[in-house]
Amino acid sequence: QTEVCHLWNLVAKETREGAVYHRLLEKLAIECEALNGRVFNILGEVFDFGDDDDTTADGSQRPRSLKDLLVAAIKYNDRDDVKARLRQRIDHAFDHDHLKNLLGRNALAEQSMSPERLFAVKEEMEKAEARRLQPCFVRAFFMRAFVALGGAIHPREPGRYEITFVPHEIRERDRRITGRNRREQEPVLKRYDRVCFEREAIQAADNPGTKPAVLMHPGHPLMLAVTDLVLERHANLMRQGAIFVDPADDGSAPSLLFLLTHEVKGGDGIVLSKRMQFVRVKPDGTATFAGWAPHLDLQPISQADRGRIGDVLSEDWLRTDLEATAVSLAAGSLVPEHFQEVSARRIDHVDRTLAAVNTRLTDEINFQSDRAKKLRDDKAAGKDVARHMENVNRTLKDLQARLEHRRRELLAMKQIHNGTPVVLGGALVVPAGLLRELKGEGPALTSVDAAARTKIERLAMQAVMNLERSLGCRVEDVSALKCGWDVTSYPPADDGVLPLPRHIEVKGRIAGADTITVTFNEVTYAVNQADKFLLAIVFVNPDDSVDGPHYVANPFKREPESGVASINYSLKHLLAGRPV
Numbered sequence: 029q030t031e032v033c034h035l036w037n038l039v040a041k042e043t044r045e046g047a048v049y050h051r052l053l054e055k056l057a058i059e060c061e062a063l064n065g066r067v068f069n070i071l072g073e074v075f076d077f078g079d080d081d082d083t084t085a086d087g088s089q090r091p092r093s094l095k096d097l098l099v100a101a102i103k104y105n106d107r108d109d110v111k112a113r114l115r116q117r118i119d120h121a122f123d124h125d126h127l128k129n130l131l132g133r134n135a136l137a138e139q140s141m142s143p144e145r146l147f148a149v150k151e152e153m154e155k156a157e158a159r160r161l162q163p164c165f166v167r168a169f170f171m172r173a174f175v176a177l178g179g180a181i182h183p184r185e186p187g188r189y190e191i192t193f194v195p196h197e198i199r200e201r202d203r204r205i206t207g208r209n210r211r212e213q214e215p216v217l218k219r220y221d222r223v224c225f226e227r228e229a230i231q232a233a234d235n236p237g238t239k240p241a242v243l244m245h246p247g248h249p250l251m252l253a254v255t256d257l258v259l260e261r262h263a264n265l266m267r268q269g270a271i272f273v274d275p276a277d278d279g280s281a282p283s284l285l286f287l288l289t290h291e292v293k294g295g296d297g298i299v300l301s302k303r304m305q306f307v308r309v310k311p312d313g314t315a316t317f318a319g320w321a322p323h324l325d326l327q328p329i330s331q332a333d334r335g336r337i338g339d340v341l342s343e344d345w346l347r348t349d350l351e352a353t354a355v356s357l358a359a360g361s362l363v364p365e366h367f368q369e370v371s372a373r374r375i376d377h378v379d380r381t382l383a384a385v386n387t388r389l390t391d392e393i394n395f396q397s398d399r400a401k402k403l404r405d406d407k408a409a410g411k412d413v414a415r416h417m418e419n420v421n422r423t424l425k426d427l428q429a430r431l432e433h434r435r436r437e438l439l440a441m442k443q444i445h446n447g448t449p450v451v452l453g454g455a456l457v458v459p460a461g462l463l464r465e466l467k468g469e470g471p472a473l474t475s476v477d478a479a480a481r482t483k484i485e486r487l488a489m490q491a492v493m494n495l496e497r498s499l500g501c502r503v504e505d506v507s508a509l510k511c512g513w514d515v516t517s518y519p520p521a522d523d524g525v526l527p528l529p530r531h532i533e534v535k536g537r538i539a540g541a542d543t544i545t546v547t548f549n550e551v552t553y554a555v556n557q558a559d560k561f562l563l564a565i566v567f568v569n570p571d572d573s574v575d576g577p578h579y580v581a582n583p584f585k586r587e588p589e590s591g592v593a594s595i596n597y598s599l600k601h602l603l604a605g606r607p608v
């Protein structure tokens, strides 16, 4: 709704019923602001007082609806006790707790949560926000894929583009994907005046009067059609595999990185949730969760380096069934978590919907049954009500059939099937340390060196967590969860309000170091988290004492360019607070 609408209500001013109505509007405005406008969702039930006693002390009928309130105001406008009772009724109807109870009773998606559960859900949402696909990646993929499929797209205003031609192949693929289940989804058009990849560019900042651009997000029909065509043509390359270099790994042990997908389906076969997961398998068969986008921290191997790893490619461990090891880890730990998350949400929603359907259709059936009874009485009295009887009986039959159908439909929705994880692709990951050793540029990191580095990281983590606890924060080590930072710190409440949690990435360096290496994912998470993200730098001395932690807020101002796996930053510049 973009235009102003006016409601003209014919209630006389300076009358008792007008005063009652004015009081009602005052309370409505107050509670509407307190509940962010949601009071209108349940306005029709505000004056439903349930089993309240309907009679007053003098035997008169107590008003139960807005109509009753206005009628009582007209009939008893001179009685002070009635005036007080009407005011009390309005105050109770718009009581904040009363409205919240109505909202809770009618909200299909609301859950009753303990504070601990609420904070856990909030934290999961923040982790998902940190992992969300950045607009720059969506733009880079779409521009290359769309042009490769024969489309034409041209830059216009800053952040906005014009699509002058969408190939027939893409439009036909959209029709195949959507089929008859399009509903309100618009079909892919032959051209688009303006598209954009960031919300800020939907309306041109320098010209507010221009036509809004279409936001090109991963779920847009054009994006879905382009993605489906690209996967159809090139998905086989995923099974062929690839070789990457890990620039942040100075060790000598390669590993295999597997990409798996897992689906949770409803009883009707519709996919409720689909999730991709990465698993890393080492030569000794140890499998671990590799994070949500580990490939972004890797680099493709050059042709020259590929020729140097011939002995690695012929090692026996690569010929074992490591794919089964990856699937076993996913099936045992990652898949159950995904299934539990989806099934719990689905079942709760179905239960609430079923309760609402039962209530509303049963009420309507009872109403029509009462009408049918009255019509039978009228017929017994000799009135001609045959046509009305036929209509009411037909309505009753339709309502009962509809209720039974909806019950079966909703109960079927509770049938949820857990799929088997499927391997989509794999890659051999070669450590940068091994390549340096093969080139003769120096030995790879030994186990002794690795232990020393692990010790520095552990001391740095302890220093940060001890400082946060001394500030009264509740601290959680999340480094093993690979959520994008190492420590989550929950500050204490301030005047009853909980501040935002602090997401801290810890970098431990030996005293005297002048640079740190930050991976692609670490920079991306930092940009996504904005003010919640802190970079903590800790210098560890030879005697295990520490200097720090030194916090840097908003350390990175922009996401890295596509293809950059890691970046070295000057500690001097970072600690001086310079934007990087």
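Residues 29 to 608 in our numbering are what the sequence shown lists, from first letter to last. For every residue, glycine included, the Cβ atom is placed at its ideal position computed from N, Cα and C. All values reported here derive from a predicted model rather than from experimental measurement.
- Here DSSP, grouped into helix, strand and coil, assigns aspartate 274 to strand.
- Within a 10 Å sphere around the beta-carbon of alanine 318 sit 16 or more other beta-carbons, which makes this residue buried.
- A contact between stretches requires three or more CB pairs, one per stretch, nearer than 8 Å, and the region 395–410 fails this requirement with the region 370–382.
- No Cβ-Cβ contact shorter than 7 Å links alanine 581 with valine 534.
- The shortest C-alpha to C-alpha distance from lysine 218 to any of Arg415, Gly294, Glu197 and Arg422 is the one to Glu197.
- Looking at the backbone, the Cα of arginine 167 and that of leucine 602 are separated by about 30 Å.
- Straight-line spacing of the CA atoms in asparagine 419 and valine 413 works out to 10 Å.
- The C-alpha of alanine 276 is placed about 18 Å away from the C-alpha of glycine 468.
- Collapsing the DSSP output to three states places cysteine 164 in a helix.
- The three-state secondary structure of glutamate 343, taken from DSSP, is coil.
- For lysine 293, the closest C-alpha among the options Arg434, Lys442 and Leu456 is that of Lys442.
- Among the bridge pairs identified by DSSP, tyrosine 189 is matched with Pro183 and Val223.
- Closest in C-alpha terms to glycine 447, from the list Ala180, His182, Gly295 and Ala232, comes Gly295.
- Look at serine 371 here: in three-state DSSP terms it is helix.
- Rounded to the nearest angstrom, the gap between the Cα atoms of alanine 173 and alanine 440 is 39 Å.
- In this structure, the CA atom of histidine 531 is about 6 Å from the CA atom of tryptophan 513.
- Judged by pairs of C-beta atoms under 8 Å, the region 421–432 does not touch the region 325–338, as fewer than three such pairs exist.
- Check the Cα spacing between glycine 269 and each of Pro246, Arg415 and His323: the tightest is with His323.
- Along the length of the region 394–458, whole beta strand (DSSP E) runs at least 3 residues long occupy 444–446, reported in chain order.
- Relative to aspartate 312, the option among Phe567, Thr348, Arg203 and Phe169 whose CA is nearest is Thr348.
- Just measuring C-alpha positions, the residue of Asp522, Ile484 and Leu509 sitting nearest glycine 576 is Ile484.
- In the structure shown, glutamine 331 adopts helical secondary structure according to DSSP, grouped into three states.
- The residue from Leu452, Val223, Ser356 and Leu495 with its alpha-carbon nearest to that of proline 183 is Val223.
- Looking at Gln490, Leu452 and Gly536, the one whose alpha-carbon comes closest to that of histidine 262 is Leu452.
- Nearest to valine 355 by C-alpha distance, out of Leu341, Phe306 and Asn394, is Phe306.
- Beta-bridge partners assigned by DSSP to threonine 289: Met304 and Val450.
- Membership of serine 356 in the alpha helix (DSSP H) is indicated by the continuous run 350–357.
- Relative to the Cα of leucine 341, the nearest Cα in the group Val258, Phe567 and Ala455 belongs to Ala455.
- Annotation for serine 371: Ile444 place their beta carbon closer than 6 Å to its own, counting only its chain and skipping 5 residues before and after.
- When DSSP states are grouped into helix, strand and coil, asparagine 569 belongs to the coil group.
- Taking the C-beta atoms as reference points, phenylalanine 548 is found nearer than 7 Å to valine 592.
- Alanine 253 and arginine 201 have their alpha carbons spaced roughly 6 Å apart.
- Here phenylalanine 584 carries a coil assignment [DSSP, helix/strand/coil].
- Look at aspartate 312 here: in three-state DSSP terms it is coil, with no helix or strand label.
- Annotation for arginine 464: the continuous alpha helix (DSSP H) segment containing it runs 460–467.
- In the DSSP secondary-structure assignment, glutamate 197 is not bridged to any residue.
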